[in-house]
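Numbering-wise (my numbering), the sequence shown opens with residue 264 and increments by one. Worksheet for the structure shown next.
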Amino acid sequence: MKVLVTGAAGFIGMHVAKLLLQRGDDVVGIDNLNDYYDPALKLARLEQLKPFARFKFVRLDMTDRVAVEALFVVEGFDRVVHLASQAGVRYSLKNPSAYVQTNLVGFGHLLEACRHNRIEHLVYASSSSVYGANTRMPFSVHDNVDHPASLYAASKKANELMAHSYSHLFGLPTTGLRYFTVYGPWGRPDMSPWLFSSAILEGRSIDVFNHGKMQRDFTYIDDIAEGTVRVLDRIAAPNPDFSTDSPDPGSSYAPYKIYNIGNHQPVELLAFIKTLEDALGREATKNLLPMQAGDVVATYADVEDLKRDVGFAPTTTLKQGVERWVEWYRQYTGAS
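Structure (C-alpha coordinates):
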(Lines of atoms letter the chains of each structure in order from A and count residues from 1; the text may use other names and numbers.)
(Lines give C-alpha, C1' and ligand atoms only; values in the text may rest on other atoms or scores of the structure.)
Protein backbone atom coordinates (compact mmCIF):
# COMPACT_ATOMS: atom_id res chain seq x y z
CA MET A 1 0.00 0.00 0.00
CA LYS A 2 0.93 3.65 -0.24
CA VAL A 3 0.26 5.15 3.17
CA LEU A 4 0.30 8.74 4.37
CA VAL A 5 1.52 9.07 7.96
CA THR A 6 0.91 12.54 9.37
CA GLY A 7 3.10 13.57 12.28
CA ALA A 8 5.82 11.23 11.01
CA ALA A 9 8.50 13.06 13.00
CA GLY A 10 6.48 12.57 16.16
CA PHE A 11 6.82 9.89 18.82
CA ILE A 12 4.07 7.54 17.64
CA GLY A 13 4.29 8.63 14.01
CA MET A 14 7.93 7.60 13.60
CA HIS A 15 7.31 4.13 15.07
CA VAL A 16 4.21 3.51 12.94
CA ALA A 17 5.96 4.69 9.77
CA LYS A 18 8.94 2.44 10.52
CA LEU A 19 6.72 -0.60 11.05
CA LEU A 20 4.92 0.02 7.75
CA LEU A 21 8.23 0.44 5.94
CA GLN A 22 9.67 -2.72 7.45
CA ARG A 23 6.83 -4.76 5.99
CA GLY A 24 7.23 -3.19 2.54
CA ASP A 25 4.64 -0.42 2.30
CA ASP A 26 5.38 2.90 0.62
CA VAL A 27 5.16 5.68 3.20
CA VAL A 28 4.94 9.43 2.76
CA GLY A 29 5.47 11.18 6.07
CA ILE A 30 4.50 14.76 6.77
CA ASP A 31 5.22 16.98 9.75
CA ASN A 32 5.45 20.71 10.35
CA LEU A 33 8.45 20.27 12.71
CA ASN A 34 7.12 22.93 15.09
CA ASP A 35 8.92 23.98 18.26
CA TYR A 36 6.42 22.70 20.86
CA TYR A 37 9.51 20.78 21.98
CA ASP A 38 13.06 20.70 20.58
CA PRO A 39 12.82 20.03 16.82
CA ALA A 40 16.22 18.32 17.01
CA LEU A 41 14.48 15.27 18.47
CA LYS A 42 12.00 15.27 15.59
CA LEU A 43 14.82 15.47 13.06
CA ALA A 44 16.63 12.62 14.84
CA ARG A 45 13.48 10.50 14.55
CA LEU A 46 13.30 11.21 10.83
CA GLU A 47 16.88 9.95 10.52
CA GLN A 48 15.57 6.55 11.62
CA LEU A 49 13.29 6.50 8.56
CA LYS A 50 15.58 7.92 5.88
CA PRO A 51 17.45 4.62 5.21
CA PHE A 52 14.21 3.14 3.83
CA ALA A 53 14.01 3.62 0.05
CA ARG A 54 10.21 3.57 0.22
CA PHE A 55 10.06 6.56 2.57
CA LYS A 56 9.49 10.15 1.50
CA PHE A 57 9.26 13.13 3.84
CA VAL A 58 7.37 16.34 3.10
CA ARG A 59 7.41 19.28 5.50
CA LEU A 60 3.81 20.42 5.63
CA ASP A 61 1.39 22.00 8.09
CA MET A 62 -2.08 20.43 8.30
CA THR A 63 -3.65 23.87 8.63
CA ASP A 64 -2.54 24.68 5.05
CA ARG A 65 -5.60 23.41 3.16
CA VAL A 66 -4.20 24.01 -0.32
CA ALA A 67 -0.97 22.14 0.45
CA VAL A 68 -2.87 19.20 1.96
CA GLU A 69 -5.15 18.93 -1.07
CA ALA A 70 -2.20 19.13 -3.49
CA LEU A 71 -0.28 16.43 -1.63
CA PHE A 72 -3.17 13.98 -1.92
CA VAL A 73 -3.59 14.65 -5.64
CA VAL A 74 0.11 14.22 -6.39
CA GLU A 75 0.79 11.16 -4.23
CA GLY A 76 -2.36 9.07 -4.69
CA PHE A 77 -2.54 7.46 -1.24
CA ASP A 78 -4.40 4.25 -0.52
CA ARG A 79 -4.76 4.72 3.23
CA VAL A 80 -3.98 7.34 5.87
CA VAL A 81 -2.72 7.19 9.45
CA HIS A 82 -3.30 10.58 11.05
CA LEU A 83 -1.04 11.13 14.07
CA ALA A 84 -0.29 14.84 13.71
CA SER A 85 -1.85 16.88 16.48
CA GLN A 86 -1.10 19.43 19.13
CA ALA A 87 -0.41 17.15 22.07
CA GLY A 88 -0.36 17.69 25.81
CA VAL A 89 -3.16 18.14 28.33
CA ARG A 90 -1.43 20.81 30.42
CA TYR A 91 -0.28 22.90 27.45
CA SER A 92 -3.92 23.18 26.35
CA LEU A 93 -4.52 25.38 29.40
CA LYS A 94 -1.81 27.79 28.22
CA ASN A 95 -2.30 27.87 24.44
CA PRO A 96 -5.81 26.73 23.50
CA SER A 97 -5.67 28.27 20.02
CA ALA A 98 -2.96 25.78 19.00
CA TYR A 99 -5.42 22.94 19.64
CA VAL A 100 -8.21 24.61 17.70
CA GLN A 101 -6.00 25.19 14.67
CA THR A 102 -4.17 21.87 14.50
CA ASN A 103 -6.62 19.40 16.01
CA LEU A 104 -9.82 20.84 14.57
CA VAL A 105 -9.01 22.92 11.48
CA GLY A 106 -6.18 20.63 10.39
CA PHE A 107 -8.28 17.51 10.89
CA GLY A 108 -11.08 19.07 8.85
CA HIS A 109 -8.69 19.62 5.94
CA LEU A 110 -7.56 16.00 6.20
CA LEU A 111 -11.13 14.68 6.11
CA GLU A 112 -11.88 16.70 3.00
CA ALA A 113 -8.76 15.40 1.27
CA CYS A 114 -9.64 11.80 2.19
CA ARG A 115 -13.18 12.29 0.90
CA HIS A 116 -12.18 13.73 -2.46
CA ASN A 117 -9.39 11.21 -3.07
CA ARG A 118 -11.31 8.04 -2.22
CA ILE A 119 -9.09 6.93 0.66
CA GLU A 120 -9.77 3.29 1.56
CA HIS A 121 -9.34 3.77 5.31
CA LEU A 122 -8.50 6.68 7.62
CA VAL A 123 -7.07 5.70 11.00
CA TYR A 124 -6.57 8.63 13.38
CA ALA A 125 -5.26 9.19 16.89
CA SER A 126 -7.80 9.90 19.56
CA SER A 127 -6.87 9.70 23.24
CA SER A 128 -7.78 8.12 26.56
CA SER A 129 -8.27 11.73 27.68
CA VAL A 130 -11.72 11.71 26.06
CA TYR A 131 -13.02 9.67 29.02
CA GLY A 132 -12.62 12.78 31.16
CA ALA A 133 -14.97 12.66 34.15
CA ASN A 134 -15.90 9.00 33.56
CA THR A 135 -15.09 6.86 36.59
CA ARG A 136 -16.45 3.42 35.63
CA MET A 137 -13.46 1.16 35.05
CA PRO A 138 -12.15 -0.14 32.76
CA PHE A 139 -12.91 2.57 30.22
CA SER A 140 -15.01 1.12 27.40
CA VAL A 141 -15.53 2.44 23.89
CA HIS A 142 -19.19 1.56 24.39
CA ASP A 143 -19.59 4.21 27.12
CA ASN A 144 -20.52 7.81 26.39
CA VAL A 145 -17.66 10.30 26.69
CA ASP A 146 -19.38 13.66 26.91
CA HIS A 147 -17.51 15.27 29.81
CA PRO A 148 -13.91 16.06 28.78
CA ALA A 149 -11.65 17.53 31.45
CA SER A 150 -9.40 19.54 29.10
CA LEU A 151 -9.55 21.28 25.74
CA TYR A 152 -7.09 18.69 24.42
CA ALA A 153 -9.58 15.95 25.32
CA ALA A 154 -12.43 17.95 23.82
CA SER A 155 -10.51 18.34 20.55
CA LYS A 156 -9.98 14.57 20.37
CA LYS A 157 -13.65 13.88 21.05
CA ALA A 158 -14.45 16.42 18.33
CA ASN A 159 -12.24 14.46 15.92
CA GLU A 160 -14.31 11.35 16.58
CA LEU A 161 -17.52 13.26 15.86
CA MET A 162 -16.11 14.86 12.72
CA ALA A 163 -14.92 11.48 11.46
CA HIS A 164 -18.34 9.96 12.03
CA SER A 165 -20.02 12.67 10.00
CA TYR A 166 -17.74 11.87 7.03
CA SER A 167 -18.33 8.15 7.45
CA HIS A 168 -22.07 8.83 7.43
CA LEU A 169 -22.22 11.41 4.64
CA PHE A 170 -19.58 10.09 2.26
CA GLY A 171 -19.00 6.46 3.22
CA LEU A 172 -15.40 7.20 4.28
CA PRO A 173 -14.19 4.32 6.50
CA THR A 174 -12.70 5.83 9.66
CA THR A 175 -11.26 4.31 12.82
CA GLY A 176 -10.28 6.29 15.91
CA LEU A 177 -7.68 4.93 18.33
CA ARG A 178 -7.80 6.00 21.95
CA TYR A 179 -4.18 5.67 23.04
CA PHE A 180 -3.42 5.20 26.74
CA THR A 181 -0.29 6.85 28.27
CA VAL A 182 2.25 5.92 25.61
CA TYR A 183 5.91 5.67 26.65
CA GLY A 184 9.17 4.23 25.35
CA PRO A 185 12.24 5.09 23.25
CA TRP A 186 12.03 8.35 21.28
CA GLY A 187 9.32 9.65 23.64
CA ARG A 188 8.51 13.32 24.11
CA PRO A 189 10.48 15.56 26.54
CA ASP A 190 7.24 16.93 28.04
CA MET A 191 6.07 13.47 29.18
CA SER A 192 6.68 12.03 32.64
CA PRO A 193 9.33 9.37 31.75
CA TRP A 194 11.62 12.03 30.29
CA LEU A 195 10.86 14.65 32.95
CA PHE A 196 11.39 12.15 35.76
CA SER A 197 14.51 10.56 34.24
CA SER A 198 16.28 13.85 33.65
CA ALA A 199 15.45 15.15 37.13
CA ILE A 200 16.49 11.95 38.93
CA LEU A 201 19.82 11.73 37.10
CA GLU A 202 20.53 15.43 37.70
CA GLY A 203 19.58 15.29 41.38
CA ARG A 204 16.53 17.51 41.03
CA SER A 205 13.16 16.81 42.68
CA ILE A 206 10.23 15.56 40.61
CA ASP A 207 6.69 16.93 40.81
CA VAL A 208 4.23 14.17 41.72
CA PHE A 209 0.64 15.31 41.35
CA ASN A 210 -2.29 14.15 43.47
CA HIS A 211 0.36 12.99 45.96
CA GLY A 212 1.11 10.05 43.69
CA LYS A 213 -2.42 8.65 43.97
CA MET A 214 -2.84 8.58 40.20
CA GLN A 215 -3.20 5.48 38.06
CA ARG A 216 -2.19 5.25 34.43
CA ASP A 217 -2.47 2.47 31.86
CA PHE A 218 1.15 2.81 30.69
CA THR A 219 1.41 1.38 27.16
CA TYR A 220 4.72 0.66 25.45
CA ILE A 221 5.32 2.29 22.08
CA ASP A 222 5.92 -0.95 20.14
CA ASP A 223 2.51 -2.22 21.25
CA ILE A 224 0.92 1.05 20.15
CA ALA A 225 2.54 0.85 16.70
CA GLU A 226 1.60 -2.81 16.22
CA GLY A 227 -2.00 -2.18 17.20
CA THR A 228 -2.24 0.83 14.91
CA VAL A 229 -0.98 -1.07 11.86
CA ARG A 230 -3.27 -4.01 12.55
CA VAL A 231 -6.25 -1.67 12.73
CA LEU A 232 -5.18 0.02 9.49
CA ASP A 233 -5.39 -3.38 7.80
CA ARG A 234 -8.97 -3.91 9.02
CA ILE A 235 -11.10 -1.40 7.15
CA ALA A 236 -13.92 0.00 9.28
CA ALA A 237 -17.34 -1.40 8.33
CA PRO A 238 -20.91 -0.71 9.46
CA ASN A 239 -22.11 -2.56 12.54
CA PRO A 240 -25.01 -4.78 11.35
CA ASP A 241 -26.41 -4.88 14.90
CA PHE A 242 -26.33 -1.12 15.43
CA SER A 243 -29.54 0.24 16.95
CA THR A 244 -30.51 3.89 16.61
CA ASP A 245 -32.83 3.43 19.61
CA SER A 246 -29.85 2.49 21.77
CA PRO A 247 -26.79 3.74 19.88
CA ASP A 248 -23.38 2.23 20.57
CA PRO A 249 -20.75 5.02 20.85
CA GLY A 250 -18.00 2.66 19.70
CA SER A 251 -19.51 1.74 16.31
CA SER A 252 -22.15 2.90 13.84
CA TYR A 253 -24.48 2.10 10.97
CA ALA A 254 -21.75 3.91 8.98
CA PRO A 255 -18.20 2.55 8.34
CA TYR A 256 -16.91 3.93 11.64
CA LYS A 257 -15.13 2.33 14.62
CA ILE A 258 -13.40 3.28 17.85
CA TYR A 259 -10.82 1.18 19.71
CA ASN A 260 -8.85 1.54 22.92
CA ILE A 261 -5.16 0.67 22.78
CA GLY A 262 -3.91 0.31 26.34
CA ASN A 263 -1.98 -2.15 28.46
CA HIS A 264 -5.12 -3.08 30.46
CA GLN A 265 -2.99 -2.98 33.62
CA PRO A 266 -3.22 0.40 35.37
CA VAL A 267 -0.22 1.27 37.54
CA GLU A 268 -0.10 3.75 40.40
CA LEU A 269 2.20 6.66 39.64
CA LEU A 270 4.40 5.93 42.67
CA ALA A 271 4.86 2.35 41.44
CA PHE A 272 5.88 3.66 38.02
CA ILE A 273 8.41 5.97 39.67
CA LYS A 274 9.81 3.04 41.71
CA THR A 275 10.24 1.00 38.51
CA LEU A 276 12.02 3.95 36.92
CA GLU A 277 14.24 4.41 39.99
CA ASP A 278 15.25 0.74 39.83
CA ALA A 279 16.14 1.01 36.14
CA LEU A 280 18.12 4.22 36.67
CA GLY A 281 19.79 2.98 39.83
CA ARG A 282 18.90 6.15 41.71
CA GLU A 283 16.16 7.30 44.06
CA ALA A 284 13.94 10.27 43.27
CA THR A 285 13.30 13.23 45.54
CA LYS A 286 9.53 13.64 45.32
CA ASN A 287 7.67 16.91 45.52
CA LEU A 288 4.12 15.78 46.34
CA LEU A 289 1.52 18.17 44.94
CA PRO A 290 -2.29 18.32 44.67
CA MET A 291 -4.21 17.37 41.55
CA GLN A 292 -3.55 19.60 38.54
CA ALA A 293 -6.31 21.11 36.43
CA GLY A 294 -7.13 19.05 33.35
CA ASP A 295 -5.82 15.77 34.79
CA VAL A 296 -7.87 12.71 35.69
CA VAL A 297 -7.21 10.37 38.59
CA ALA A 298 -7.07 7.09 36.68
CA THR A 299 -7.06 5.54 33.21
CA TYR A 300 -7.71 1.88 32.48
CA ALA A 301 -8.40 0.48 29.01
CA ASP A 302 -10.92 -2.17 28.07
CA VAL A 303 -9.29 -3.72 24.99
CA GLU A 304 -11.71 -6.59 24.34
CA ASP A 305 -12.89 -5.11 21.03
CA LEU A 306 -9.32 -4.73 19.82
CA LYS A 307 -8.49 -8.34 20.75
CA ARG A 308 -11.64 -9.66 19.11
CA ASP A 309 -11.36 -7.73 15.86
CA VAL A 310 -7.63 -7.68 15.13
CA GLY A 311 -6.31 -10.41 17.42
CA PHE A 312 -4.00 -8.13 19.33
CA ALA A 313 -3.54 -6.58 22.76
CA PRO A 314 -0.46 -4.96 24.33
CA THR A 315 1.85 -7.41 26.12
CA THR A 316 4.98 -5.47 27.14
CA THR A 317 5.36 -5.39 30.92
CA LEU A 318 6.11 -2.15 32.71
CA LYS A 319 9.52 -3.43 33.83
CA GLN A 320 10.47 -4.40 30.27
CA GLY A 321 9.26 -1.13 28.83
CA VAL A 322 10.90 1.11 31.43
CA GLU A 323 14.25 -0.68 31.11
CA ARG A 324 14.16 -0.21 27.33
CA TRP A 325 13.22 3.44 27.83
CA VAL A 326 16.15 4.04 30.21
CA GLU A 327 18.58 2.32 27.88
CA TRP A 328 17.52 4.56 25.00
CA TYR A 329 17.41 7.70 27.14
CA ARG A 330 20.96 7.21 28.37
CA GLN A 331 22.18 6.59 24.82
CA TYR A 332 20.34 9.54 23.28
CA THR A 333 21.15 12.13 25.97
CA GLY A 334 24.56 10.80 26.98
CA ALA A 335 23.37 10.69 30.59
CA SER A 336 25.56 8.66 32.93
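Virtual Cβ for every residue (Gly too), placed ideally from N, Cα, C. Owing to the predicted nature of the structure, the values given are computational and were not obtained by experimental measurement.
Option nearest residue i by Cα separation, candidates the options
i, options, result
"F443", "P411, Y522, D453", "Y522"
"A500", "I293, R587, D572, P448", "D572"
"K582", "A350, E540, V279", "E540"
"H384", "V343, K265, G369", "V343"
"Y516", "T269, L432, T491", "L432"
"M325", "V337, E310, H345", "H345"
"L642", "R308, L304, E338, N297", "With the chain represented from 264 up to 599, any question about residue 642 goes unanswered, as that position is not in the structure."
"H379", "F335, A412, R451, N422", "F335"
"A272", "V363, Q311, P359, G447", "Q311"
"T548", "G475, A561, R479, G450", "G475"
"M277", "K265, A347, L533, A576", "A347"
"V419", "T562, P401, G395", "A quick correction: the sequence has Lys, not Val, at residue 419. It is G395."
"F472", "V560, I524, D453", "V560"
"N502", "P512, Y563, V494", "P512"
"M454", "G270, Y300, V279", "Y300"
"V494", "K265, A333, V279, G466", "V279"
"H527", "F274, P401, S392", "P401"
"I666", "V566, L532, I487", "The structure shown has nothing for residue 666, since the chain only spans 264 to 599."
Residues that residue i bridges to, as DSSP identifies them
i, result
"I524", "Y442"
"Q478", "E531, A561"
"Y483", "Y446"
"T437", "L385, Y519"
For residue i, the three-state DSSP class (helix, strand or coil)
i, result
"R322", "strand"
"K265", "strand"
"Y394", "helix"
"N550", "strand"
"K516", "In the sequence on display, residue 516 carries Tyr and not Lys. Note: Y516 maps to coil in three-state DSSP."
"T579", "coil"
"V471", "strand"
"T538", "helix"
"T596", "helix"
"P510", "coil"
"D500", "Reading off the sequence, residue 500 comes out as Ala, not Asp. Coil."
"V566", "coil"
"F505", "coil"
"P452", "coil"
beta-carbon residue i near the ligand PLP non-hydrogen atom, thresh 6 Å
i, result
"N473", "Absence of the ligand PLP is noted for the structure shown, with no ligands found whatsoever."
**Item:** Minimum length 4: unbroken alpha helix (DSSP H) runs contained in the stretch 275 to 357
**Value:** List check, alpha helix (DSSP H) in window: 302 to 312, 328 to 338, 354 to 357.
**Item:** Sufficient close CB pairs (3 or more, under 8 Å) joining the stretch 516 to 536 to the stretch 424 to 442
**Value:** Pairwise C-beta distances place the stretch 516 to 536 in contact with the stretch 424 to 442, as three or more of them are shorter than 8 Å.
**Message:** So, does the stretch 550 to 568 touch the stretch 344 to 356, judging by three or more C-beta pairs under 8 Å?
**Reply:** Touching, yes.
**Message:** Extract the residue ranges of the alpha helix (DSSP H) inside the stretch 365 to 427, only unbroken runs of 4 or more that lie entirely within it.
**Reply:** With a minimum length of 4 residues, the continuous alpha helix (DSSP H) runs that stay inside the stretch 365 to 427 are 370 to 379.
**Message:** Between the stretch 403 to 422 and the stretch 456 to 465, can you find at least three pairs of beta-carbon atoms closer than 8 Å?
**Reply:** Pairwise C-beta distances place the stretch 456 to 465 out of contact with the stretch 403 to 422, as fewer than three of them are shorter than 8 Å.
**Request:** Indicate whether the contact test is met: 3 or more Cβ pairs, each with one atom in the stretch 279 to 298 and one in the stretch 306 to 317, closer than 8 Å.
**Result:** Touching, yes.
**Request:** Taking 8 Å as the threshold, find out whether the stretch 419 to 431 comes into contact with the stretch 372 to 392 through three or more Cβ pairs.
**Result:** Three or more beta-carbon pairs drawn from the stretch 419 to 431 and the stretch 372 to 392 are found closer than 8 Å, and the two stretches are therefore classed as touching.
**Asked** Do the stretch 370 to 384 and the stretch 285 to 297 meet, that is, are 3 or more Cβ pairs less than 8 Å apart?
**Response** Verdict: no, contact absent.
**Message:** Taking contact to mean 3 or more Cβ pairs, one atom from each stretch, closer than 8 Å, check whether the stretch 462 to 472 and the stretch 357 to 371 are in contact.
**Reply:** In this structure the stretch 462 to 472 does not lie against the stretch 357 to 371, because fewer than three pairs of beta carbons, one per stretch, are closer than 8 Å.
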